[in-house]
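Below you'll find the structure, written out as structure tokens, and then a few comments.
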Amino acid sequence: MIHIITTGGTIEGLDYENPENNLEQSKITIREFLDSANVSFPYIIEKAFAKDSRSITDEDRMFLLKKIKASNAEKILITHGTFTMEDTAFYLGNKGLEKTIVLVGSFIIGNSKDTDASFNLGFAISSLQFLKPDVYIAMNGKIFHWKDVTKNTDTNKFMSKNKN
Numbered sequence: 001m002i003h004i005i006t007t008g009g010t011i012e013g014l015d016y017e018n019p020e021n022n023l024e025q026s027k028i029t030i031r032e033f034l035d036s037a038n039v040s041f042p043y044i045i046e047k048a049f050a051k052d053s054r055s056i057t058d059e060d061r062m063f064l065l066k067k068i069k070a071s072n073a074e075k076i077l078i079t080h081g082t083f084t085m086e087d088t089a090f091y092l093g094n095k096g097l098e099k100t101i102v103l104v105g106s107f108i109i110g111n112s113k114d115t116d117a118s119f120n121l122g123f124a125i126s127s128l129q130f131l132k133p134d135v136y137i138a139m140n141g142k143i144f145h146w147k148d149v150t151k152n153t154d155t156n157k158f159m160s161k162n163k164n
């Protein structure tokens, strides 16, 4: 069983840079991505909150931590905005959880025909099933450990801190 916890972000189709577009565009749900992929693994989806990740606070991260600890699942996927994804990964990584946790998001709005959301989501779910317990970010076709990840805002890619 994979427990998917959603927190908002571009992956869910919200345009935080141009909020007026949210009236015209339909939000996409993670369930819609999974339904269109015809997945066969068991999962549950739970909405923690729906925020631009720049607005996620330490209280929100504590709320996520409580949800993770309360979950019966050993594999947790968190959809998250990319602006503060590494901060949340670092926060959770320092908690010594005995679960496999992968954070994933997208750079291109989830309901755009050119979105990277479906690829990133599929990649993250696949990786989640094979990784050992710890906290990771799955973006741009790579897996990053919570201690060794940063977002390069020039290239809009995540990268290892040790390989600048």
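For the sequence shown, position 92 (counting from the first letter as 1) is numbered 92 according to full-length UniProt numbering, and the numbering increases by one without interruption.
Quick reminder that beta carbons are idealized off the backbone N, C-alpha and C, glycines included.
Presumed contact (8 angstroms Cβ cut-off) between residue i and residue j, rounded CB distance
i	j	result
K132	T100	7 angstroms
I11	A117	5 angstroms
V102	S127	6 angstroms
Status (buried if at least 16 other CB within 10 Å, exposed otherwise) for residue i
i	result
T88	buried
E86	buried
F49	exposed
V39	exposed
F119	exposed
F130	exposed
T153	exposed
Chain C within 8 angstroms of residue i, Cβ atoms only
i	result
I143	Structure shown: chain C not included; a single protein chain is present.
Neighbourhood of residue i by C-beta, 6 angstroms cutoff - its chain only, sequence neighbours within 5 removed
i	result
N156	F107
K51	G8
N-terminal and C-terminal residue of the beta strand (DSSP E) that residue i is part of
i	result
I56	Segment: none, I56 is in no beta strand (DSSP E) and carries neither H nor E.
F144	K142 to H145
L103	T100 to V104
D134	D134 to M139
I44	Y43 to K47
I30	Taken as a continuous stretch (DSSP letters only), I30 belongs to no beta strand (DSSP E), being part of the alpha helix (DSSP H) at I30 to A37.
H3	I2 to T6
K151	T150 to N152
Top-ranked residue by Cα proximity to residue i, from the options
i	options	result
G105	G81, K95, A50 and L128	G81
I90	S126, D148 and T79	In the sequence as displayed, the identity of residue 90 is Phe instead of Ile. Among S126, D148 and T79, the Cα nearest to that of F90 is on D148.
K47	V102, L64 and F158	L64
D134	G93, S160, D154 and E32	G93
F144	L97, D154 and F158	F158
The alpha helix (DSSP H) enclosing residue i, as first and last residue numbers
i	result
L97	Counting along the chain, L97 falls outside any alpha helix (DSSP H), and DSSP gives it neither H nor E.
residue 169	An answer regarding residue 169 cannot be provided, because it is not within the stretch 1 to 164 covered by the chain.
Contacts around residue i, its chain only, beta-carbon distance under 8 angstroms, and the 5 residues preceding and following it disregarded
i	result
L23	Any reading at L23 needs caution, since the residue's pLDDT is 47, under 50, leaving its predicted position unreliable; the model's value is listed next. Result list for L23: empty, nothing under 8 angstroms.
D60	T7, A48, F49 and K51
A73	M1, I2, H3, I44 and K99
I30	I4, T6, I11, E12, I45, T79 and L121
N162	D148
G141	F119 and F123
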